[in-house]
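S.K.:
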Amino acid sequence: MLFTKFFLILTSFVFITVVSPAHGQVETENDSISEISDQKMDVVSVFLDCNNCDNSFIRQEINYVNFARDPQLAQIHLFITDRSTVSGGRLFTISFIGKKEFEGTGNTLSYTSTQNNTQQEERRGLTAMIELGLIPYIAQTSLADYINIEVLNQPEQVVDVEDPWNNWIFEVYGGLKFAEETSQSSLDIRYGLYADYVTETWRIRLRPFFNYNQRDYVRNDEKIRSVLTRDGFQGRVVRSISDHWSLGVFTNIDVNTYENIKFGYRIAPAIEYSLLPYEMALRKEYTIAYSIGYINRKYFEETIFNKMEETLFNQSLDLGVRVLEPWGTVRANIEASHFLHDMSKYRISLNGRLSWRVFKGFSVDLSSGYDYVQDQLSLPKGDASLEEVLLRQRQLATTYGISFSLGLSYSFGSVFNNVINTRL
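This note's numbering numbers the first residue of the sequence shown as 1430 and each following residue consecutively.
#1: For a test of the three-state rule: what should DSSP assign to Glu1874, helix, strand or coil?
#2: Would you identify the three-state DSSP class for Tyr1540, choosing helix, strand or coil?
#3: Would you say Glu1610 reaches chain C, if we count a Cβ-Cβ gap shorter than 8 Å as a contact?
#4: For Arg1760, which residues from the same chain have a beta carbon less than 6 Å from its beta carbon, with the 5 sequence-adjacent residues on both sides left out?
#5: Using 8 Å as the threshold, is the segment 1606 to 1620 in touch with the segment 1640 to 1656, meaning 3 or more CB pairs across them?
#6: Give me the residue from Ile1690, Thr1758 and Asn1492 with the minimum Cα distance to Asn1480.
#7: Do Pro1698 and Val1678 have their C-beta atoms closer together than 8 Å?
#8: How would you call Arg1726, buried or exposed, if buried means at least 16 neighbouring beta carbons within 10 angstroms?
#9: What three-state label does DSSP hand Leu1808 in the structure shown?
#10: According to the neighbour-count rule (16 or more other Cβ atoms, all chains shown, within 10 Å of its Cβ), is Phe1607 buried or exposed?
#11: Tell me whether Ala1699 sits in a helix, a strand or coil according to DSSP, three-state version.
#12: Give the secondary structure of Gln1454 by DSSP, where H, G and I count as helix, E and B as strand, and everything else as coil.
#13: Please state whether DSSP places Gln1824 in a helix, a strand or coil.
#14: Buried or exposed for Glu1708, please, with buried defined as at least 16 other CB atoms from any protein chain shown within 10 angstroms of its CB.
#15: Roughly how many angstroms lie between the CA atoms of Ser1834 and Gln1744, to the nearest whole one?
#16: Quick check on Phe1400: buried or exposed, where buried means 16 or more other Cβ atoms within 10 Å of its Cβ?
#17: Could you name the residues that DSSP lists as bridge partners for Gln1663?
#18: For Asn1780, write down the residues that DSSP places opposite it in a beta bridge.
#19: What does DSSP give as the partner residue(s) for Ser1773 in the beta ladder?
#20: Can you give, in chain order, each stretch of the beta strand (DSSP E) that sits fully within the segment 1502 to 1531 and has at least 3 residues?
#21: With DSSP as the reference, please indicate the residues paired to Thr1716 in a beta bridge.
#22: Do you know offhand how far Ser1840's Cα is from Gly1790's?
#23: Are three or more beta carbon pairs between the segment 1770 to 1786 and the segment 1809 to 1826 nearer than 8 Å?
#24: State buried or exposed for Leu1746, treating a residue as buried only when at least 16 other CB atoms are found within 10 Å of its CB.
#25: Under 8 Å between the Cβ atoms of Gly1661 and Ile1696?
#26: Assign Tyr1687 to one of three DSSP states: helix, strand, or coil.
#27: Please classify His1770 as buried or exposed, where buried requires at least 16 other C-beta atoms within 10 Å of its C-beta.
#28: Provide the residue span of the beta strand (DSSP E) that contains Asn1829, from first to last.
#29: In whole angstroms, give me the CA-to-CA distance for Tyr1687 and Leu1705.
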């Protein structure tokens, strides 16, 4: 194993040495940067930080700046976030954060892409807004003499357009996956619908969904089939009542063979408080939410508590944090819930995710989850067979669940790379 790793590293080094262009040779197709370099003009360096942008297109179009590979190497940190709009489009918030010579010089612009915009129209509009925001920084360099601002057309007067859908947005989805070998095969089918209604005051989501998972195994000429289904409906109606408070009603319908639920539903009113005003929640969000629910369930098999059907009440409290900053992202929440008829039947869940740029070129991605489980009321009576365990046909008793992932990355090399190459 050690020899294999050494061989792979050595092979990579040889490949880089042989294939790379000769030392000191620089090739670029970016005429603007080349001309600027020849005249020894100062070029602004930018770090582009956007998860939902066409970064290659932006770098190609804005060819009069240097795009740094790390925020520590840039004079401007371009931090872009986005969220869905009421009409089904996307609202981009573009934050220009000055660094080094531009320390303390910041600005924020926004760009809205409508639902009917093509991808080309959206990325061109976003790029144009980025260029507009870069002008104050470029104006402080020797490139200022090359800036030319022109208003092509006066904007037309905005006319209210009647919306036949009345702010409703629908999305139908579906998928099928099939695989087969000599001794096994699998079939996965999923389909459903999203229906969303979003205004400044209301947020409504209706989602029916259907999942079918089939596994076939052949052993000693005997065919074994495992079928799991999970169908249901999720709905929520939320009304904003102030800058910090919201009220809502949540409903769930569930048919789940894995969890032994033949038919179940839950109706739960809820209330949420945001420590920051909701309009600031795009970058930072701290919330506290409480709900109390009515539950009715019918089971495929008799449970370990000798129930084929039961009515339950439960309540939950959820604390959530979400922070998006140029140095990284933090998401965390803790939720505690329990059934009212028996306080010993409860669950505590902790989930967190951290993406952190520790220093130049080095990043850490960490996510973890922990569940302390004492509320498995739907477990079927009797021991699970070996076949059921191996095929995951039924839920097993547990008192906890843990998940953890860690990712490290370190980049080094050329400070700037403005060339775009999409070849194979």
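C-beta atoms are modelled at their ideal positions from N, C-alpha and C, and glycine is treated no differently. Keep in mind that this is a model prediction, so the values were computed, not measured.
M.R.: So, from the listed chains and residues:
#1: With the chain covering 1430 to 1853 only, the question about residue 1874 has no answer from this structure.
#2: strand
#3: Any reference to chain C falls outside this structure, which holds one protein chain only.
#4: Arg1751 and Arg1782
#5: yes
#6: Ranking Ile1690, Thr1758 and Asn1492 by Cα distance to Asn1480 puts Thr1758 first.
#7: yes
#8: Buried, because 16 or more other Cβ atoms sit within 10 Å of the Cβ of Arg1726.
#9: coil
#10: exposed
#11: Of the three classes helix, strand and coil, the one that applies to Ala1699 here is strand, per DSSP.
#12: Reliability of the predicted coordinates at Gln1454 is poor, the pLDDT of 40 falling under 50, and the value obtained from them is presented with this limitation in mind. Correct three-state label for Gln1454: coil.
#13: coil
#14: exposed
#15: 30 Å
#16: Nothing in the structure corresponds to residue 1400, since the chain is present only between 1430 and 1853.
#17: Gln1663 pairs with Arg1636 and Asn1681.
#18: Asn1762 and Gly1798, per the DSSP bridge assignment.
#19: Paired residues: none, contrary to the question.
#20: With a minimum length of 3 residues, the continuous beta strand (DSSP E) runs that stay inside the segment 1502 to 1531 are 1505 to 1513 and 1519 to 1527.
#21: Ser1703 and Gly1749
#22: 5 Å
#23: no
#24: exposed
#25: no
#26: coil
#27: exposed
#28: Correcting the residue identity first, residue 1829 is Tyr in this sequence and not Asn. It spans Tyr1829 to Tyr1839 - the beta strand (DSSP E) in which Tyr1829 sits, taken as one unbroken run.
#29: C-alpha separation (whole angstroms): 40 Å.
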